[in-house]
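Data block below; observations after.
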Amino acid sequence: MPPRKVAPPAKRSAPGKPQAKQQPKKPAGAKRPAGGDASASDAPAKRPKHAGVKRSERYSKTPAVPEQELDPEVLAEGIAALDEYAGSSLSFLENLDFDKKVEQGKMIRPERRKMDNVVPDDAAVFSDLTMSELSDFDLDAMPSDDDIDLSDVGDGHDDDDGEAGASASVEAPVISDATLISGFGDLAEGSGGDDDDDDAGSDDDMDDDMDDDTDDDDDDSRAVHRPRSWESRPQAAQAGRLPVKAADGSIMVPTEKLEVVAPSADEPRHISKRLEKRQLKEREKERIAQEKLAKRQAEAQAKTFVLTTEERSKILDAGGVNRLVVAQRECLATLAMRITELPEEHIGLLAQVKQICTDAEPRVRMLGLATMAALFRDLIPGYRVLLQDIDPKELSKDVRKLHMYESTLLKHYQQFLAQCEAEISAARRLQRRFARRAGNEPEGDASAGGAPLTARDVEDMKQLSIVAFRCMAELLVAKPHFNFRNNLVIAIVNRLGTAHPPEIGIEAERSLLEVLKTDELGDVALDVTRAVTKLVRARTGAAGGVPVPAVRLLMSLRLLKELKPEDLVEAAKPKTQSGPGGKKGKKAAPHVSRQQRKLKKLEKEIDRDLRESEATYRREERIRLQTDTLSMVIQIYFRLIKQAAASGSSVAGPVGRVLPTVLEGLSAYAHLINIDFFQDLLVALRSVALASLPAATSTVAGTGVSANSTISPRNALHCVLAAFRLVSNHGLEALNLDLKDFYSVLFRLLPLLPFTAGGLSYTGESTQDDSVLLAVEAIDAMLHKAKNVSQERIAAFIKRLFHVASQMPSSNKSLLLVASAHSLLRRWPRTRALLDTEQSNAASAGVYRADADDPDLSAPFSSPLWDLAIMQQNFHPTVATLASRIAGDLPGLSGSPAELLAKYDATGGRTVFPAWTPPANHPLARAQEKSAGKALFVRSAAGPPSTFLRGIQSSHADRLDFFDTAEALPKSVTGAMSRHFIATISQLMGGEEDDDDDDDEEEGSSSGEEEEEQDSDVGPDSEDDDASAGEESEYSDSDSEEHFRAEC
Amino acid sequence: MRPLTDEETRVFFEKLMNYIGDNISFLVERPDEPHCFRLVKDRVYYMSEKVMLWSTNMARDNLLALGTCFGKFTKTGKFRLHVTALDYLAQYAKFKVWIKPNGEMSFLYGNHIAKAHVGRLTDDIPMYAGVVVFNMADVPLGFGVAAQTTEAARKLDPTAIMAFHQADVGEYLRSEDTLA
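Protein sequences appear in the order of chains A and B. Under numbering that gives the first Met the number 0, the first residue of the first sequence carries the number 0, and numbering increases by one thereafter. Under numbering that gives the first Met the number 0, the first residue of the second sequence carries the number 0, and numbering increases by one thereafter.
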């Protein structure tokens, strides 16, 4: 661009002139609210007059407004509109004022339609030139990006002028690129909606959009200012305010009047006229190419993909709602495709999607919202948009473009979320109204009149609300970093556990769990916890109570695993040090010279920058956030537990339903709880634990286990566990507390375990009960890990554990208790006196009291551990083995309680007893009946009969019956069968002389019984049996042959 | 030898309640053998009923002691527990204080218990409640009265008194003559 370098000095004065003339104009602009930038609000008003002027004003900061009077009426209108949106722009991002926006959107649409008809004419007639501004650019040495684009455009004009040979061809009705494009831009905007990110060529429009984007209700402003632009343009043309180009492409500054332009007439003098033809041609080509591109892009922008009202009603009439849904779906698909293929360019099309989202038909809206959500998922960048109040004109072009993209996206995102929220509450309202109406007029449905509200409508709205909620949840999960997260979190948290409809409640919990899982830094967790705090505060007194999922959610926070007690100390340190430590630091300061301090400061800054560039989450930052979250979590728990303690912890109480969850949480968070809260917490826990105990437990037999009891031992167990986790983690600062009451609570709870273990829960709930596991964990914390526990107490627990173990309905649980007792015996050698009959009797004072409520009072050493002898006879081999190992003082089982429980679980976690049903019509039983007393031989159908089989068939055919099995029976059964058969055969062979038919019958019947027993035993736990049975079955065909021979 | 009067029983049990609370019932209603309290020359003895019946054969002057002495009534009608009751108090104690080995001798010579000597204590002791003192190996050493609640004890300085001395097993040596 050599021509531009030869900048005529005369032009420099040009911008100054209008400035002088402009002065009276200023107040008009100044009158507008200062919230937005003044130039932004000026723009719509001025552009129509003379686009060039606006540009020049904006970039050279010399307001060059045409001399024509503005139509006062139009101006007033414009100002009013601008006032409105500049005012609202302040609160644009902060508040989600949904309804208003949606309404506005609706209101504006028809106006915009009108514009569609107008704008094309406008564009065609357009002869308004923008040369002045372009020249301004040249002179003012704009940023390079703009420079290039503008010069291109300018050059195009130069060519025209050059060919015309007139330096001041002002009157020529040239349609400049810029104006053309801006015309299309207008068209696009008019038809498409709010802010279209225009193509690179149309700076003019771009500016406009920038301005609009910073404001809120650009819809309004557009609707108002566009007609003005259209009206005022001819005026501008008449005024002859076209820019003037020199032959070399340098551009003259237009003056307000032709006379004033006069200095530009001098221009030719400064212009070197040696322009090569080749260059001209190139430019011409360029220009054409660019024009084409611009046209294409503008067309793309201009196209409306939305059905007009007429089209819509036509479709609706023709094919009904389903047709409409299909049609709108197509529209949505097209729009979505367009947007995703070039998001930066087509972001404006979101407005059209939004328009579909406001359709009257809920199903269409549903589709629209889903489309929007999917689009946002793809479009939302990986950072949070921080819209600063920067004057867009100060930005470079690329940045401006990005800025615009972001702000458009953000605005639509906000409106989208607002709509989702509105849909959900609307659905709820509708449902309530419907329910009320149904309740009021049960028979007069038809006469409801007014607004006929059908169940179908309600259902549609319900589905829509679910989809809307899911959209929100999805967006939170996918883009938790993006703006409006807090609003999203609050909206979702408030619906935790809701039953209107339940899908939303479930979805809320699911999505929040997922978000928390992926929350590296902990800022989302902080937001979630804050929302839960609010929820808990609001709902504690309410009828429904605090929703359980909300409290349960707190257990899923990552800080539970990530935050260590050391971190808390670390986080607290800087605060405490800043007090007295700060003074000390000051005293030491004089040694540091100023230069050193400077250096230090510099280093700090560099350090900070480096950290920022690393873009990893800093540990300190994470700890800070997590510490804040933690304190909130603890507060929630405290609030609830205190209320529970005050109200006596009954299930019917205000926090009765969440109490187990709270206690669970407390014991999970126990290691992170500050010691200062300790005493209060212990008091609360103790009162809850004592209240959770059955009223009268003076004797074990009398522990009233009634099905309708509302007290759950789990609550008490959780209390105990929480208390001991607290103590063990803090040690209470040198003071070693003996939590006697909690020991006695646990001691009293142990006899209840047999009644809670399994599907038949103590409370009558059919939930999977983990009381045994909890109890064992509590024993571990209270007796195994503790440093000082009285041996008597431990011995008392050991004895009670054995008692309870012998009562447990499932063997894996009794195994667990025995293993727990064993670990205690090994941990505290003095308790082994229990195993020594003589010693224990000698050492004791009094009589063993198995019924005592207090372990200290049960005098365990006065009786030996006789339970062990019984345990050694237990039917379960592992339990029996373990018991004998304990007696022999050998190491026992390894593995955590949970592992043990799972490993030896024979129930499949379902019920108390092994889950099997006796076969109603067992094939073997049938065969047994048929064989009528004969020995039953189970014959494998696979392969030819062995010699043994053939032999036996021939010799004992009258006494044998055959049961062919390959697939009918499991292997173990055939094994068992064959075992009995061998017994029968050997009897047949050995005592042939004294065998009778009667004998055979006995044999047959007994074997049949045992077969059934074997069959019933085939559970998941009897692996050993299985294995042995399998081995035996192997020699049912071959080995038994040998066996048979040996017998012979 | 006679059973306690109602007034005496009230005073005695109130004192005892300080240390063992409701566990008094364990003393009276024993599953093995019925036991009872008897007053002999201002002193209260705890014995099985069998012993009590046998003792009726002894002349009053000849009967020096029987069963376990729990303490004696003072001339003003108050009751004072003796260290001989320690076995039962320790067994049924409600509140306990364990003292570290370095504090044992100090206590056994009749001194109060400083906080520094406390190794462990029951949670939730009220002020002036009776506490039974153990060493860290759970051997009962004596009993006393809590000078502070457990909660307040946390903030005490190490030399502050945590429990007042009332009786200790050292008395078996120190006041061998007066104990009965």
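Idealized CB from N, CA, C, for every residue including glycine. This structure is a prediction, so every number in the text was calculated from the model and none was measured.
- Item | First and last residue of the uninterrupted alpha helix (DSSP H) at residue 174/B | Looking up residue 174/B in the second sequence gives position 175. Counting along the chain, no alpha helix (DSSP H) covers residue 174/B, and no H or E run does either.
- Query: Would you say residue 21/B reaches chain A, if we count a Cβ-Cβ gap shorter than 8 angstroms as a contact?
  - Reply: As a first step, residue 21/B must be located in the second sequence, where it is residue number 22. Judged by the 8 angstroms Cβ criterion, residue 21/B is not in contact with chain A.
- Message: 8 angstroms is my cut-off, CB to CB: does residue 150/B come that close to chain D?
- Response: Among the protein chains in the structure shown, which are A and B, there is no chain D.
- Message: Looking only at its chain, what residues have a beta carbon closer than 7 angstroms to the beta carbon of residue 15/B, apart from the 5 residues adjacent to it on each side?
- Response: Translated into positions along the second sequence, residue 15/B becomes position 16. Its chain contains 23 as the residues whose beta carbon lies nearer than 7 angstroms to that of residue 15/B, once the 5 sequence neighbours on both sides are disregarded; these appear in chain order.
- Message: For a test of the three-state rule: what should DSSP assign to residue 132/B, helix, strand or coil?
- Response: Here residue 132/B corresponds to residue number 133 of the second sequence, with the count starting at 1. Residue state, collapsed to three classes: strand.
- Query: Would you say residue 848/A reaches chain B, if we count a Cβ-Cβ gap shorter than 8 angstroms as a contact?
  - Reply: To locate residue 848/A, count along the first sequence from 1; it is residue 849. Chain B contact via Cβ: present.
- Using the DSSP secondary-structure output, state which residues sit across from residue 45/B in a beta bridge. In the second sequence, counting from the first residue as 1, residue 45/B sits at position 46. According to DSSP, residue 45/B bridges with 36/B and 67/B.
- Message: Are the CB atoms of residue 818/A and residue 899/A within a distance shorter than 8 angstroms?
- Response: In the first sequence, residue 899/A corresponds to position 900, counting from 1. In the first sequence, residue 818/A corresponds to position 819, counting from 1. When the beta-carbon positions are compared, residue 899/A and residue 818/A come within less than 8 angstroms of each other.
- Exposed or buried, residue 874/A, counting other C-beta atoms within 10 Å across all chains shown (16 or more means buried)? Counting from 1 along the first sequence, the entry for residue 874/A is found at position 875. Burial is judged here by how many other beta carbons sit within 10 angstroms of a residue's own beta carbon; residue 874/A has fewer than 16 and is exposed.
- Starting from residue 118/B, find everything on chain A with Cβ-Cβ shorter than 8 angstroms and list it in chain order. Reading the second sequence from its first residue, position 119 is the one you call residue 118/B. Residues of chain A passing the Cβ test: 735 and 787.
- Task: Check the C-beta distance from residue 718/A over to residue 687/A and give it rounded, since I have them as a contact under 8 angstroms.
- Result: Here residue 718/A refers to the residue found at position 719 of the first sequence. Here residue 687/A refers to the residue found at position 688 of the first sequence. Cβ-Cβ separation between residue 718/A and residue 687/A: approximately 5 angstroms, consistent with a contact (criterion under 8 angstroms).
- Residue ranges of each alpha helix (DSSP H) within the region 767 to 825 of chain A, 4 or longer: Counting only runs of 4 or more, we get 770 to 778 and 790 to 806.
- Query: Where does residue 875/A fall in DSSP's three states?
  - Reply: As a first step, residue 875/A is located in the first sequence; it is residue number 876 there, counting from the start. Residue state for residue 875/A is assigned as coil, using DSSP reduced to three classes.
- Using a Cβ cut-off of 7 angstroms, pull out every chain A residue sitting near residue 95/B, in sequence order please. Walking along the second sequence from the start, residue 95/B turns up at place 96. Within chain A, 737 have C-beta atoms less than 7 angstroms from the C-beta of residue 95/B, given in sequence order.
- Which of helix, strand or coil DSSP assigns to residue 357/A: Locating residue 357/A in the first sequence gives position 358, counting from the first residue. It is coil, neither helix nor strand.
- Task: Find the nearest neighbour of residue 529/A within the set 796/A, 329/A, 476/A and 625/A, judged by alpha-carbon distance.
- Result: Sequence index remark: in the first sequence, residue 529/A carries index 530 (1-based). Closest option to residue 529/A, Cα to Cα, is 625/A.
- Query: Identify the residues that DSSP records as bridge partners of residue 141/B: which are they?
  - Reply: Indexing the second sequence from 1 puts residue 141/B at position 142. 132/B and 167/B, per the DSSP bridge assignment.
- Terminal residues of the continuous beta strand (DSSP E) containing residue 78/B? On the second sequence, residue 78/B is found 79 positions in, with the first residue counted as 1. First-last of the beta strand (DSSP E) with residue 78/B: 78 to 80.
- Item | Candidates 46/B, 154/B and 164/B: closest to residue 38/B by CA position | The residue given as residue 38/B occupies position 39 in the second sequence. For residue 38/B, the nearest C-alpha among the options comes from 46/B.
- Query: At a CB-CB cut-off below 7 angstroms, which residues of chain B make contact with residue 856/A?
  - Reply: Along the first sequence, one-based indexing puts residue 856/A at 857. Per Cβ cutoff of 7 angstroms: 22, 25 and 91.
- Taking the DSSP output, what are the residues bridged to residue 960/A? For the purposes of this step, residue 960/A is taken as residue 961 along the first sequence, with counting starting at 1. Bridge pairing for residue 960/A: 935/A [DSSP].
- Query: If you measure from the beta carbon of residue 692/A to each beta carbon in chain B, is any gap under 8 angstroms?
  - Reply: Taking the first sequence and counting its residues from 1, one reaches residue 692/A at position 693. No, its Cβ sits nowhere closer than 8 angstroms to a Cβ of chain B.
- Task: Please state if the CB of residue 508/A and the CB of residue 552/A are separated by a distance shorter than 8 angstroms.
- Result: Here residue 552/A corresponds to residue number 553 of the first sequence, with the count starting at 1. Here residue 508/A corresponds to residue number 509 of the first sequence, with the count starting at 1. In this structure, residue 552/A places its C-beta atom within 8 angstroms of the C-beta atom of residue 508/A.
- Task: Could you say which of 629/A, 735/A, 685/A and 351/A lies nearest to residue 716/A if we only look at CA atoms?
- Result: Locating residue 716/A in the first sequence gives position 717, counting from the first residue. Nearest option by C-alpha distance: 685/A.
- For residue 681/A, which residues in chain B fall below 9 angstroms Cβ to Cβ? On the first sequence, residue 681/A is found 682 positions in, with the first residue counted as 1. Ordered by position in chain B, the residues that pass the 9 angstroms Cβ test against residue 681/A are 122 and 123.
- Using the C-alpha atoms, what's the distance from residue 343/A back to residue 351/A? Taking the first sequence and counting its residues from 1, one reaches residue 351/A at position 352. Taking the first sequence and counting its residues from 1, one reaches residue 343/A at position 344. One alpha carbon belongs to residue 351/A, the other to residue 343/A, and they sit about 16 angstroms apart.
- Query: Ordered along the chain, which non-local residues of its own chain (more than five positions away) have a Cβ less than 7 angstroms from that of residue 772/A?
  - Reply: Taking the first residue of the first sequence as 1, we reach residue 772/A at position 773. So the qualifying residues of the chain are 896, 897 and 900.
- Query: To which residues of the same chain is residue 12/A closer than 6 angstroms at the C-beta, ignoring the five residues directly before and after it?
  - Reply: For this step, residue 12/A is matched to residue 13 along the first sequence. With a pLDDT of 40 at residue 12/A, under the threshold of 50, the modelled position of that residue is not reliable, and no figure is offered here.
- Task: Using a cut-off of 7 angstroms between C-beta atoms, extract the partners of residue 790/A located in chain B.
- Result: As a first step, residue 790/A is located in the first sequence; it is residue number 791 there, counting from the start. Under the 7 angstroms cutoff, chain B gives 137.
- Examine chain B for any beta-carbon lying closer than 8 angstroms to the beta-carbon of residue 462/A, and answer yes or no. Looking up residue 462/A in the first sequence gives position 463. No, residue 462/A lies away from the interface with chain B (no Cβ there is under 8 angstroms from its Cβ).
- Does residue 678/A get closer than 8 angstroms to chain B when you measure Cβ to Cβ? Your numbering for residue 678/A matches position 679 in the first sequence. Cβ-Cβ to chain B under 8 angstroms: yes for residue 678/A.
- Query: Per DSSP, what kind of secondary structure is residue 346/A in: helix, strand or coil?
  - Reply: Translated into positions along the first sequence, residue 346/A becomes position 347. In this structure, residue 346/A counts as helix in the three-state DSSP scheme.
- Helix, strand or coil: which one does DSSP assign to residue 1025/A? On the first sequence, position 1026 is the one that residue 1025/A refers to. Only weak support exists for where residue 1025/A lies, its pLDDT of 38 falling under 50; the value from the coordinates is given anyway. Helix, per DSSP.
- If you draw a straight line from the C-alpha of residue 117/B to the C-alpha of residue 162/B, how long is it? Position 118 of the second sequence holds residue 117/B. Position 163 of the second sequence holds residue 162/B. C-alpha separation (whole angstroms): 9 angstroms.
- Message: I'd like to know if the region 81 to 100 of chain B and the region 60 to 73 of chain B are in contact, where contact means that at least 3 CB-CB pairs between them fall below 8 angstroms.
- Response: Contact annotation: the region 81 to 100 of chain B touches the region 60 to 73 of chain B, with at least three C-beta pairs closer than 8 angstroms.
- Assuming residue 120/B contacts residue 736/A (C-beta within less than 8 angstroms), just tell me the rounded distance between them. Reading the second sequence from its first residue, position 121 is the one you call residue 120/B. Reading the first sequence from its first residue, position 737 is the one you call residue 736/A. About 7 angstroms separates the Cβ atoms of residue 120/B and residue 736/A, confirming a contact at the 8 angstroms cut-off.
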